[in-house]
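Using UniProt numbering, you'd call the opening residue of the sequence shown number 1 and step up by one each time.
Report on the structure given below.
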Amino acid sequence: MKVSELARQAEVSAEEMLEILSDLGIEGKTADDELTDEQKDLALDDLGMLPEEAEETEDTQEAQAETEAPAEAEDVAAEPDEGEQPSGEASEAGPEESSAAAESAPAEEESLKPDQILLTGPIKVRDFAERLGVRPNVLIAELMKMNIFASITQGIDAKVAREIAEKRGFTVIREKPGKKRAEETPAGKPKKTREGREKKKGADVGEALPRPPVVTFLGHVDHGKTSLLDRIRSARVVEGESGGITQHIGAYSVEVEHEGKTHPITFLDTPGHAAFTSMRARGANLTDIAVLVVAADDGVMPQTIEAIQHARAAGVCIVVAINKTDLPGASPDRVRQQLQQHELMPEEWGGEIGCVEVSAATGEGMDQLLERLALESELLELTAHPANPAEGFVIEARLEPGRGPVANLLIKDGTLKSGQGILCGTQAGKVKALFNDQGQAIGEAGPASAVQVLGLNGVPEAGDMFDVYKNEREAQKVADELVEEESAGSGAGEQQKKLSLEDLFGGGEETKELPLVVKADVQGSLEAVCQSLENIKSDKVKIKFILTGVGNVTGNDVMLASASNAIIIGFHVGVESGVRGTAEREGVEVRLYSIIYELLEQVEAAMKGMLEPEQRERALGRAEIRQIFTIGKRARVAGCLVSEGRIPARSRVRVLRGGDVVYEGRIVSLKHYQNDASEIRHGQECGIQLDNPDSFQEGDMIEAFEVERIAPEL
């Protein structure tokens with residue numbers, strides 16, 4: 001039977017049938033290819049459409065297959081390999097498929113009644129049909145009546161599944177949020193689950209080998225970032241972009257000759273530092289070296305300063321490219337002087353920052369810039385493990401007509417191969433095609449390579465992490481778990497908890513640095529606020545200015561604060577439209593002030609809150625146990641005479657015997673004769689009952705004390 005005929009019989013498209021066959025390990029088929037009976041039965045069994053007679057005669061078919069003529073076996077020598085592989089996989093995956101509910105909740109599914117169905121989140125059409133006991137095509141037809149067009153391998157929302165199940169008379173049972181995940185992985189966001197999978201993969205395979213550096217160009221708008229990349233790649237792309245300003249993120253690999261060696265370098269062409277920081281805020285630390293592009297005629301501009309602060313916050317190596325040196329008004333030394341004012345000391349002046357004079361228009365200095373990047377790469381000693389499964393980050397992704405979801409990926413470690421299962425964020429798929437930055441189809445790509453991937457089931461987000469799996473089914477299973485986890489957690493813990501002033505007031509021993517983004521209405525106010533904050537003297541906590549600037553709080557400020565775990569302080573400024581919502585989603589605290597003393601008081605209080613308060617013990621009094629009384633069955637009361645100070649009710653005490661501490665606890669009852677007392681002073685008699693009735697004896701000394709928490713000093 002041909003693939004196309006089987007697809008018509010199963011009432012699915014030929015593309016979906018090929019995908020099902022691929023999941024079963026039957027590769028390299030087209031719609032016109034013939035299938036063996038065994039392959040056909042595997043596909044029908046996977047769809048829940050295998051007749052009972054076929055199952056009963058399976059052994060007979062196997063026996064017949066063994067007695068086929070040798071010549072015929074030679075004709076299909078390659079085919080048994082294909083058949084055997086899916087057969088083996090089916091033996092493992094079959095039980096899982098036939099008990100899909102058990103994958104999500106083994107214990108609960110066993111105890112379900114026939115009229116109950118378990119839903120823990122979004123579910124595939126194929127799995128949902130199996131739980132309902134209907135054929136997938138029947139369920140697809142029912143979904144179409146609801147204006148929901150989903151293929152057999154696509155997922156449907158839990159609300160839709162619940163509605164259909166209830167229409168069919170099922171009682172929907174939801175798993176307690178996080179119950180299963182809590183047993184398998186630490187509670188929290190999918191990133192925690194991914195970290196668990198990383199550890200599961202085991203140690204690095206093979207030896208660590210040098211890898212190319214990843215370089216990002218940052219700088220002020222129109223200072224020539226894309227033009228420099230254009231020179232490096234010897235490809236004219238600038239003219240195709242609006243106004244010469246980069247509008248998308250691209251990744252390109254080039255080879256640089258340096259000291260007789262070829263050094264591959266991967267360049268990320270980001271549209272300024274906004275995208276650079278946005279991806280870093282999502283955990284995508286893509287860059288090894290940041291090239292700060294400064295025009296020799298304009299000098300250091302506001303966005304240049306922001307780019308410096310973003311690169312510092314990321315902790316990457318900085319190389320300065322002084323561009324447009326061919327223009328009449330160019331003054332490279334003035335640029336160096338401005339960089340020095342922002343704590344970037346050029347090497348020529350005794351610093352550590354490499355500054356290279358270049359011209360994107362004439363090509364002057366380009367060789368020196370590339371040699372500098374190659375030198376920095378050698379100093380960084382970057383390594384990777386090519387034998388490992390690939391992992392990295394999504395640079396950009398989009399939906400293209402005729403191609404479907406397309407993702408540009410940067411491989412940080414390992415080797416990505418065509419045909420592997422892949423998971424980008426929560427979007428799974430199979431690597432159906434790999435292209436390099438020149439649009440050439442390739443079979444595999446190693447560490448620090450930038451590639452374009454086709455075959456995902458959906459469009460991931462820029463900055464999402466990706467990793468690979470044996471096949472698409474395995475990747476999809478993990479993706480489903482991540483979606484369930486997100487749904488069960490209702491977004492709780494989705495992001496790392498950001499700093500707030502209240503958190504800092506509460507104290508924290510480990511944090512000794514307070515990161516701030518400071519915005520003010522005018523430059524004079526900004527300088528005054530920053531100077532006042534710097535004047536808060538402390539040997540234990542220091543303020544770190546992630547960004548300082550003039551103007552309202554912007555979305556870019558929020559993304560930088562999110563990436564750096566900083567607090568935004570605004571003085572006489574507002575917040576741009578929509579930025580409040582962004583700050584809430586990112587978990588960034590924005591504090592606005594109009595009185596500088598209030599600003600300084602709260603920041604100083606936050607700094608003190610970062611220090612652990614000192615604890616000091618103070619003795620209150622002593623009482624000697626003269627006699628012990630028994631009240632009721634177990635209650636023992638110590639008859640005491642206060643010999644020093646005072647004994648307050650419910651105070652903390654220790655029992656001393658011969659100078660040694662034998663017990664430490666609290667007073668639960670203090671009486672003067674028959675009356676409750678709040679305090680007994682020196683020379684008075686009293687009855688003391690402790691929280692442990694067996695902790696004392698006659699002749700012991702009871703010492704009352706209190707522990708004072710003393711506010712720490714900066």
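Cβ coordinates follow ideal geometry from the N, Cα and C atoms, glycine included.
Inset, instruction - Check each candidate in Lys542, Gln523, Ala307 and name the one with the smallest Cα separation from residue 715. - result: The question about residue 715 has no answer here: the residues shown for the chain are numbered 1 through 714.
Inset, instruction - Over the uninterrupted alpha helix (DSSP H) stretch that includes Gly524, give me the two end residues. - result: In the DSSP assignment, Gly524 falls within the unbroken alpha helix (DSSP H) covering 523–534.
Inset, instruction - Please name the residue or residues paired with Gly421 in a DSSP beta bridge. - result: DSSP lists Lys430, Tyr469 as partners of Gly421.
Legend entry - Neighbour-count burial assignment, Pro405, 16 or more Cβ in a 10 Å radius: Looking at its Cβ environment, which holds 16 or more other Cβ atoms inside 10 Å, Pro405 is buried.
Inset, instruction - Kindly indicate which residue of Arg312, Glu589, Asp288, Val320 has the alpha-carbon position closest to the one of Ile448. - result: Per the sequence shown, residue 448 should be read as Ala rather than Ile. Selected option, being the one with the closest Cα: Asp288.
Legend entry - Spatial neighbours of His223 in its chain, beta-carbon cut-off 8 Å, leaving aside the 5 residues before and after: Val293, Val294, Ala295, Asp298, Met301, Thr304, Asn323, Lys324
Legend entry - First and last residue of the uninterrupted alpha helix (DSSP H) at Tyr597: 596–609
Inset, instruction - Please report how far the alpha carbon of Thr262 lies from the alpha carbon of Leu370, in whole angstroms. - result: The alpha-carbon atoms of Thr262 and Leu370 are separated by roughly 11 Å.
Inset, instruction - Could you tell me whether the Cβ atoms of Val529 and Leu547 are closer together than 9 Å? - result: No, the pair does not count as a contact, with Cβ atoms beyond the cut-off.
Inset, instruction - Kindly give me the distance between the Cβ atoms of Ala638 and Ile625, rounded to whole angstroms, as I take these residues to be in contact under 8 Å. - result: The distance from the Cβ of Ala638 to that of Ile625 is about 5 Å, consistent with a contact at the 8 Å cut-off.
Legend entry - the region 425–440 in contact with the region 353–362 per 3-pair CB rule at 8 Å: no
Inset, instruction - Look at Met465 and Cys424 and say whether their C-beta atoms are less than 9 Å apart. - result: Yes; because the gap between Cβ atoms is below 9 Å, this pair is in contact.
Legend entry - Start and end residues, beta strand (DSSP E) containing Ala635: 635–648
Inset, instruction - Would you be able to state if there are at least three C-beta pairs under 8 Å between the region 583–594 and the region 652–661? - result: no
Legend entry - Reference Val603; option with closest CA among Glu534, Phe393, Thr30: Glu534
Inset, instruction - With a 10 Å radius around its C-beta and 16 neighbouring C-beta atoms as the bar for buried, classify residue 716 as buried or exposed. - result: Here the chain has residues from 1 to 714 only, and residue 716 is not among them.
Inset, instruction - Mark Glu472 as exposed unless 16 or more other C-beta atoms lie within 10 angstroms of its C-beta, in which case mark it buried. - result: Residue environment analysis places Glu472 among the buried positions, since at least 16 neighbouring C-beta atoms fall within 10 angstroms of its C-beta.
Inset, instruction - Just the C-alpha distance for Leu526 and Asp539, rounded to the nearest angstrom, thanks. - result: 24 Å
Inset, instruction - Return the CA-CA distance between Ile117 and Arg135, expressed in angstroms with no decimal places. - result: Cα to Cα, Ile117 sits roughly 16 Å from Arg135.
Inset, instruction - Please say whether Pro515 and Asn565 have beta carbons closer to each other than 9 Å? - result: yes
Legend entry - Counted within 10 angstroms of its Cβ, other Cβ atoms place Gln452 as buried (16 or more) or exposed: buried
Inset, instruction - Alpha carbon to alpha carbon, how far is Val483 from Thr266? Give it in angstroms, no decimals. - result: Thr266 and Val483: Cα-Cα distance of roughly 33 Å.
Legend entry - Reference Glu576; option with closest CA among Gly570, Ser562, Ala563, Asn552: Asn552
Legend entry - Proximity below 9 Å, CB of Ala251 to CB of Ile395: Yes.
Inset, instruction - Classify Met1 as buried or exposed, calling it buried when 16 or more other Cβ atoms lie within 10 Å of its own Cβ. - result: exposed
Legend entry - Helix, strand or coil at Phe170 according to DSSP, with G and I counted as helix: Coil.
Inset, instruction - Within 10 angstroms of the Cβ of Ala235, are there 16 or more other Cβ atoms? Answer buried if so, exposed if not. - result: Residue placement at Ala235 is poorly supported in this model, since its pLDDT is 43, which falls under 50; the coordinates are not used for a value here.
Inset, instruction - Could you check if Glu617 is buried or exposed, using at least 16 other CB atoms within 10 Å of its CB as the buried criterion? - result: It is exposed - the Cβ of Glu617 has fewer than 16 other Cβ atoms within 10 Å.
Inset, instruction - Please list, in chain order, all residues of the same chain as Glu685 whose beta carbon is under 6 Å from its beta carbon, the five residues on each side excluded. - result: Leu641
Legend entry - Close Cβ partners of His342 (< 6 Å) along its chain, the five nearest in sequence each way excluded: Ile308
Legend entry - Assigned exposure category for Arg312 - 16 Cβ within 10 Å defines buried: buried
Legend entry - Span separating the alpha-carbon of Gln523 from that of Phe545: Using only the alpha carbons, I get a separation of about 15 Å.
Legend entry - Nearest neighbour of Arg8, chosen from Asn388, Asp32, Pro613 [CA to CA]: Asp32
Inset, instruction - Helix, strand or coil for Met701, going by three-state DSSP, please let me know. - result: strand
Inset, instruction - Mind checking who Glu685 pairs with in its DSSP beta bridge? - result: Leu641
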